[in-house]
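Undergrad: Residue numbers (UniProt numbering): 1 to 114.
In this text, a Cβ means the ideal position worked out from N, Cα and C, and glycines have one as well.
No experiment lies behind these values; they were computed from the predicted model shown.
#1: Name the two residues that bound the continuous alpha helix (DSSP H) containing residue 67.
#2: Taking only the alpha-carbon atoms, compute the straight-line gap between residue 18 and residue 12 and give it to the nearest angstrom.
#3: Is it right to say residue 58 is buried, meaning 16 or more other beta carbons lie within 10 angstroms of its own, or is it exposed?
#4: Could you pull out every residue in the same chain whose Cβ sits closer than 6 Å to the Cβ of residue 14, ignoring the five residues on either side in sequence?
#5: For residue 8, does the three-state DSSP call read helix, strand or coil?
#6: Do residue 69 and the ligand MG come close, with the Cβ less than 6 Å from some heavy atom?
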């Protein structure tokens with residue numbers, strides 16, 4: 001679901017990608033509409049860097065992000081499968097297998113890049 005990032009979303013995006021100075025996708029010229037895709041696709045050097053960035057999330061921030069994903073406001077569709085798996089592994093270790101399984105179900109059911 002395409003959305004406009006609010007203040008909390010922008011704060012989280014900038015925590016995960018402090019080098020993010022512009023909320024516009026350099027390749028499309030469109031403002032970012034999610035948090036994880038720009039972190040993975042524009043700012044992370046590789047999957048290891050992406051995973052390291054995710055580790056900086058507090059429990060409260062992770063819960064917020066998971067709630068966005070579950071209610072369809074945060075898109076996983078633009079993430080490559082290996083990046084989704086890295087995210088899913090982090091969710092499994094910090095929030096439990098049930099939450100991690102839910103992430104995979106959402107990703108496979110809605111594999112659309114918005």
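TA: Concretely, from the data shown:
#1: For the purposes of this step, residue 67 is taken as the residue at position 67 of the chain shown. Counting along the chain, the alpha helix (DSSP H) containing residue 67 begins and ends at 59-70.
#2: Start at 1 with the first residue of the chain shown, and residue 18 comes out as number 18. Start at 1 with the first residue of the chain shown, and residue 12 comes out as number 12. Cα to Cα, residue 18 sits roughly 10 Å from residue 12.
#3: Position 58 of the chain shown, counting from 1, holds the residue named residue 58. Residue 58 is exposed by the Cβ-count criterion.
#4: Reading the chain shown from its first residue, position 14 is the one you call residue 14. Cβ neighbours of residue 14 beyond the five flanking positions: 20.
#5: Taking the first residue of the chain shown as 1, we reach residue 8 at position 8. It is helical.
#6: The ligand MG is not part of the structure shown, which contains no ligands of any sort.
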